Amino acid sequence: MRIHNRCDFNAGVLFLLIAAFFAVYSTDYSLGTATRMGPGYFPTMLAAIMAILGAITLGMAFSPLDAEDPPGRTDWRGMGLVLSSVLVFAVLLPIAGFLIAVMSLIILSSTASPEFRWKIVLPLATALCTLGYAVFGWGLELQFSIIPPIFTR
Amino acid sequence: MDLLANLALGAATALTIDNLFYCFIGVLLGTLIGVLPGIGPLATIAMLLPITYKMADPSTALIMLAGIYYGSQYGGSTTAILVNLPGESSSVVTTLDGYQMARRGRAGVALATAALGSFFAGTVATVLIAAFAPPLAEVAFKFGPAEYFSLMVLGLIAAVVLAHGSVIKALGMVVFGLLLSMIGTDVNSGAARFTFGIPELSDGIEFGVIAMGMFGFAEIIYNLKHSESRDLLKEKVTDFMPKKEDWKRGGPAAVRGTVLGSFLGILPGGGAVISSFAAYAMEKKLSKNPQEFGKGAIEGVAGPESANNAGAQTSFIPMLTLGIPTTPVMALMIAAMMIHNIQPGPQVMTSNPGLFWGLIVSMWVGNAMLLILNLPLITIWIKLLQVPYRVLYPAILMFCCIGAYSLNNNVWDVMMTIPFAVAGYYFKKWKCEPAPLLMGFILGELMEEYLRRALTISRGDWNVFIDRPLSATLLAIAVVLLIIVTLPFIRKKREEAFQGED
Numbered sequence: 001m002r003i004h005n006r007c008d009f010n011a012g013v014l015f016l017l018i019a020a021f022f023a024v025y026s027t028d029y030s031l032g033t034a035t036r037m038g039p040g041y042f043p044t045m046l047a048a049i050m051a052i053l054g055a056i057t058l059g060m061a062f063s064p065l066d067a068e069d070p071p072g073r074t075d076w077r078g079m080g081l082v083l084s085s086v087l088v089f090a091v092l093l094p095i096a097g098f099l100i101a102v103m104s105l106i107i108l109s110s111t112a113s114p115e116f117r118w119k120i121v122l123p124l125a126t127a128l129c130t131l132g133y134a135v136f137g138w139g140l141e142l143q144f145s146i147i148p149p150i151f152t153r
Numbered sequence: 001m002d003l004l005a006n007l008a009l010g011a012a013t014a015l016t017i018d019n020l021f022y023c024f025i026g027v028l029l030g031t032l033i034g035v036l037p038g039i040g041p042l043a044t045i046a047m048l049l050p051i052t053y054k055m056a057d058p059s060t061a062l063i064m065l066a067g068i069y070y071g072s073q074y075g076g077s078t079t080a081i082l083v084n085l086p087g088e089s090s091s092v093v094t095t096l097d098g099y100q101m102a103r104r105g106r107a108g109v110a111l112a113t114a115a116l117g118s119f120f121a122g123t124v125a126t127v128l129i130a131a132f133a134p135p136l137a138e139v140a141f142k143f144g145p146a147e148y149f150s151l152m153v154l155g156l157i158a159a160v161v162l163a164h165g166s167v168i169k170a171l172g173m174v175v176f177g178l179l180l181s182m183i184g185t186d187v188n189s190g191a192a193r194f195t196f197g198i199p200e201l202s203d204g205i206e207f208g209v210i211a212m213g214m215f216g217f218a219e220i221i222y223n224l225k226h227s228e229s230r231d232l233l234k235e236k237v238t239d240f241m242p243k244k245e246d247w248k249r250g251g252p253a254a255v256r257g258t259v260l261g262s263f264l265g266i267l268p269g270g271g272a273v274i275s276s277f278a279a280y281a282m283e284k285k286l287s288k289n290p291q292e293f294g295k296g297a298i299e300g301v302a303g304p305e306s307a308n309n310a311g312a313q314t315s316f317i318p319m320l321t322l323g324i325p326t327t328p329v330m331a332l333m334i335a336a337m338m339i340h341n342i343q344p345g346p347q348v349m350t351s352n353p354g355l356f357w358g359l360i361v362s363m364w365v366g367n368a369m370l371l372i373l374n375l376p377l378i379t380i381w382i383k384l385l386q387v388p389y390r391v392l393y394p395a396i397l398m399f400c401c402i403g404a405y406s407l408n409n410n411v412w413d414v415m416m417t418i419p420f421a422v423a424g425y426y427f428k429k430w431k432c433e434p435a436p437l438l439m440g441f442i443l444g445e446l447m448e449e450y451l452r453r454a455l456t457i458s459r460g461d462w463n464v465f466i467d468r469p470l471s472a473t474l475l476a477i478a479v480v481l482l483i484i485v486t487l488p489f490i491r492k493k494r495e496e497a498f499q500g501e502d
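Chains as they are written, first to last, in my numbering: chain A, 1 to 153; chain B, 1 to 502.
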């Protein structure tokens with residue numbers, strides 16, 4: 001048995017894991033009958049279908065007819081930097097206010113680019129901060145504090 | 001005549017100062033995101049959805065959001081023609097001949113062909129919606145829960161068939177979407193399902209969070225490594241007027257594209273993308289000089305560009321008449337109606353005639369605005385194309401993050417985009433299409449509800465879905481579609497049709 005299609009193999013395993021996850025947790029809810037469905041009925045049904053589809057996908061990965069190039073390497077650095085900038089924004093917004101949160105988001109995410117330069121990023125961050133506040137804070141009256149909330153109290 | 005009276009009512013709604021203004025904002029934003037690669041109408045509408053809550057009139061909200069959708073079809077072709085990069089997935093095929101025309105010094109004609117073709121298609125599609133929506137709504141009143149359930153099954157199957165890549169994986173993505181929609185409080189029993197005691201999950205996951213994570217963020221991470229160099233046209237774009245020969249070849253192609261696109265747009269899962277591919281394939285088949293395709297044939301621009309705009313607009317028909325979304329963008333339109341307490345379905349036409357007809361008339365007005373935005377003002381959009389990606393993606397990130405926050409004024413939604421971004425990134429790597437997942441997610445709760453009702457009425461007898469003729473027909477179509485797409489011969493053709501997309 002050789003894996004001819006890495007993409008299908010990975011997707012098949014993932015589908016089976018998802019099916020297992022939902023099937024296991026569906027047991028917490030009553031199934032009921034077809035006439036009077038309980039909250040567990042539809043999810044259990046879906047999990048079963050998911051498991052079948054996962055098994056087929058996994059099976060296809062071993063077929064030479066389905067051969068395909070393996071997927072490229074994961075860009076850990078890019079993913080880490082972009083997503084941690086989102087996380088930093090989410091953490092900072094309530095405690096440090098809009099200004100600091102957006103500045104951190106833009107500077108941190110910009111470092112993910114191979115062509116990172118402070119000379120471009122700093123003016124960009126300032127401009128986007130202004131634009132973001134103009135559109136969301138002033139234009140749409142979204143509720144957030146612009147500077148750290150400690151100073152406004 | 002009824003139709004005229006209805007259109008007059010629509011005009012009264014669409015032509016108020018407020019609605020004209022938001023229609024303009026919509027098509028302007030649409031053109032902008034259409035021109036910029038890396039952000040599409042789906043993420044944009046998801047981002048703007050919460051703010052439409054502030055609008056007093058639901059028609060205003062829908063008019064603006066619709067403008068973003070069809071406006072992006074215009075903008076997408078500009079990028080395709082001038083930079084050989086599709087601004088939207090529906091303008092992928094336009095790169096083939098549009099960019100070649102531009103390289104031969106006919107960029108102006110290509111842009112004019114795309115804009116005029118789109119305008120023509122938009123006009124025809126508007127009339128089609130006005131003519132066909134009322135009779136379809138009549139049929140919809142005959143639908144019971146069994147029919148609605150079968151219709152949704154058909155919609156999901158069609159979404160799978162029309163997605164590209166492996167059918168099985170697309171089906172898996174649909175079911176994953178359905179499962180994700182189960183998270184949250186079960187409306188029937190009040191049980192909190194799969195919430196693990198997290199209070200933020202009791203209302204379920206926000207659609208916008210999934211859309212922004214999978215389409216916005218995942219795309220950015222993917223593009224960091226795959227960003228192409230853009231070779232922007234250096235010459236000034238002048239001379240828009242197509243010559244007599246161009247009219248003769250492009251005109252009929254635009255008409256054919258419009259017909260095909262209008263038809264495909266109505267089908268569940270259809271919409272703009274598939275319409276443009278089908279139109280290109282058709283033009284190549286019908287042409288007397290197929291060898292010119294890929295070298296700057298005007299039919300290759302006129303056909304697909306008309307088709308994608310027609311498809312984008314007629315995909316509103318099932319949404320407006322049946323209350324069922326056939327594409328992820330239509331699901332967002334439905335969400336916009338629900339924000340304003342309008343229950344989507346065949347009754348909208350009678351309960352909110354101003355909204356219904358106003359939206360239709362606004363589409364034509366919006367198309368006229370787009371023509372002006374895209375031809376005389378083209379130089380502005382060309383300037384925008386020079387913005388490098390390293391400046392663009394932090395801006396997209398910022399707008400998405402604030403957009404996610406504004407869903408509930410809560411940073412929880414911002415954090416939830418992270419797991420979906422990771423999932424979206426790997427789905428893209430493993431060639432699993434995320435669009436079917438969104439379709440499943442949208443329809444999940446409704447499907448469960450209709451399944452439950454249908455089976456309660458039939459006392460648990462599953463035959464109800466095949467005993468009722470309308471329901472049986474819908475299911476039969478779904479089965480036939482699935483069989484057709486797995487036949488080896490069709491499979492090959494289908495792959496050909498999607499060629500060049502990646």
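Just so you know, even glycine gets a beta-carbon here, dropped at the ideal spot from N, CA and C.
None of these values were measured; they are calculated from a predicted model.
- Scanning the region 154 to 198 of chain B from its first residue to its last, no whole beta strand (DSSP E) run of 3-plus residues comes out.
- Judged by DSSP secondary structure, Cys401/B falls within the alpha helix (DSSP H) whose first and last residues are Tyr389 to Asn408.
- With respect to chain A, the C-beta atom of Ile17/B has no partner C-beta closer than 7 Å.
- Counting C-beta pairs with one atom in each stretch, the region 444 to 455 of chain B and the region 121 to 140 of chain B have fewer than three that are closer than 8 Å, which means they do not touch.
- According to the DSSP assignment, Arg77/A belongs to the alpha helix (DSSP H) that extends over Trp76 to Ser110.
- Across the structure, Ile3/A and Val174/B are spaced so that their CA atoms are roughly 25 Å apart.
- Residues of the region 175 to 186 of chain B with a C-beta less than 7 Å from any C-beta of chain A: Val175, Phe176, Leu178, Leu179, Met182 and Asp186, listed in chain order.
- Looking from the CA of Ile106/A, the closest CA among Pro94/A, Leu81/A and Leu53/A belongs to Leu81/A.
- In the DSSP assignment, Trp412/B falls within the unbroken alpha helix (DSSP H) covering Val411 to Lys429.
- Among the bridge pairs identified by DSSP, Met37/A is matched with Gly32/A.
- Cα atoms of Val273/B and Gly311/B: separation of roughly 8 Å, rounded to the nearest angstrom.
- Residue burial is scored here from C-beta neighbours: Pro37/B has at least 16 other C-beta atoms within 10 angstroms and is therefore classed as buried.
- The contact set of Phe441/B on chain A, defined by CB atoms closer than 9 Å, is empty, because the minimum CB distance reaches about 12 Å.
- For Lys383/B, the uninterrupted alpha helix (DSSP H) segment begins and ends at Ile378 to Leu385.
- The beta carbon of Ala472/B sits closer than 6 Å to those of Ile466, all from its chain and outside the five residues before and after it, given in chain order.
- Considering only Lys142/B, Ile168/B and Val485/B, the residue with the shortest C-alpha distance to Ile52/A is Ile168/B.
- About 6 Å separates the Cβ atoms of Phe316/B and Ile129/B, confirming a contact at the 8 Å cut-off.
- Neighbourhood of Ile120/A in chain B, by CB distance below 8 Å: Arg390 and Val391, in chain order.
- In the displayed model, Glu147/B falls within a helix according to three-state DSSP.
- Of the residues Leu375/B, Glu292/B, Tyr389/B and Ile63/B, the one whose Cα lies closest to the Cα of Ile220/B is Tyr389/B.
- Proximity of the region 367 to 382 of chain B to the region 336 to 345 of chain B falls short of the contact definition, fewer than three beta-carbon pairs being nearer than 8 Å.
- The alpha-carbon of Glu206/B is positioned some 43 Å away from that of Ile298/B.
- Restricting attention to Phe136/A, Ile147/A, Pro148/A and Ile150/A, the CA atom closest to the CA of Asn409/B is found in Phe136/A.
- Distances from the CA of Leu62/B to each of Thr13/B, Arg106/B and Thr94/B were compared; the closest alpha carbon is that of Thr13/B.
- Taking 7 Å as the cut-off, the beta carbon of Phe89/A is found closer than this to the beta carbon of Cys401/B.
- With contacts defined by Cβ atoms closer than 7 Å, Val209/B and Ala404/B form a contacting pair.
- Between Met152/B and chain A, the shortest Cβ-Cβ separation is not below 7 Å.
- For Arg459/B, the secondary structure class from DSSP, reduced to helix, strand or coil, is coil.
- Taking C-alpha positions only, Leu446/B is separated from Ser181/B by approximately 10 Å.
- At a cut-off of 7 Å between beta carbons, Arg468/B makes no contact with chain A.
- Using beta-carbon distances, Asn374/B does not count as an interface residue toward chain A, since no partner is under 7 Å.
- At a beta-carbon threshold of 9 Å, none of the residues of chain B lie near Thr27/A; the nearest stands roughly 12 Å away.
- By the neighbour-count criterion, in which a residue is buried when 16 or more other Cβ atoms sit within 10 angstroms of its Cβ, Ile17/B is exposed.
- Residue-level contact by beta carbon holds for Val86/A and chain B, with a gap shorter than 7 Å.
- Residues Thr60 and Ile63 of the same chain have their beta carbon placed closer than 6 Å to that of Asn19/B, with the five preceding and five following residues left out of the count.
- Judged by their CB atoms, Ser202/B and Ala192/B are nearer to each other than the 7 Å cut-off.
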